[in-house]
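Some notes on the structure that comes next.
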């Protein structure tokens with residue numbers, strides 16, 4: 001016969017309330033070892049060690065949380081990002097981020113990339129490639145604009161009939177068949 005396993009197991013990491021934290025600190029101040037405290041309160045030894053370490057470092061049993069957190073990207077930074085993008089369309093995301101850092105706007109690359117996606121400038125940047133000529137850059141830029149239009153209007157159903165005709169007129173141009181003729 002196999003031993004019966006319980007489907008309900010206690011989580012390894014528990015959020016301790018202030019009373020339990022106080023008991024841990026009290027027993028530690030009475031020179032009890034971590035092992036004795038963990039056996040008496042049925043708490044993992046590492047949790048006891050963490051509570052004691054926070055008490056030793058900060059002087060309180062629970063670390064203080066930040067009440068007000070500054071936003072990573074302010075509206076001013078967002079507008080700077082948009083202006084930067086529109087001023088140099090053929091820079092890569094890393095180069096655009098470096099220009100912000102050079103302008104003394106500290107922002108993480110990941111946060112920068114996420115905010116560019118939120119602003120609508122995701123991976124469709126027309127980045128410079130070695131060996132590309134001006135014709136290739138213009139074609140890539142027009143493809144990026146088409147892709148942006150398609151994702152933001154056509155797929156979301158926010159287009160009207162005249163926009164639909166514009167999208168159909170731009171499609172052959174992207175593949176190099178016809179000139180761009182907006183049918184307004």
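Numbering (UniProt numbering), first residue to last: 1 to 184.
Where is the CB? At the ideal position from N, CA and C, for every residue including glycine.
(message) Check this for me: beta carbons of residue 28 and residue 52, under 8 Å apart or not?
(response) yes
(request) Assuming residue 100 contacts residue 107 (C-beta within less than 8 Å), just tell me the rounded distance between them. (result) 6 Å
(request) Please classify residue 55: is it buried, with 16 or more other beta-carbons within 10 angstroms of its beta-carbon, or exposed? (result) buried
(message) Judging by CA-CA distance, which residue of 103, 19, 142, 82 is the nearest neighbour of residue 113?
(response) 82
(message) Give me, in chain order, the residues of the same chain whose beta-carbon lies closer than 8 Å to that of residue 38; leave out the 5 immediate sequence neighbours on both sides.
(response) 44, 45, 47, 48
(request) Give the single residue among 73, 77, 16, 40 whose Cα lies nearest to the Cα of residue 50. (result) 16
(request) May I have the straight-line CA-CA distance separating residue 33 from residue 18, to the nearest angstrom? (result) 20 Å
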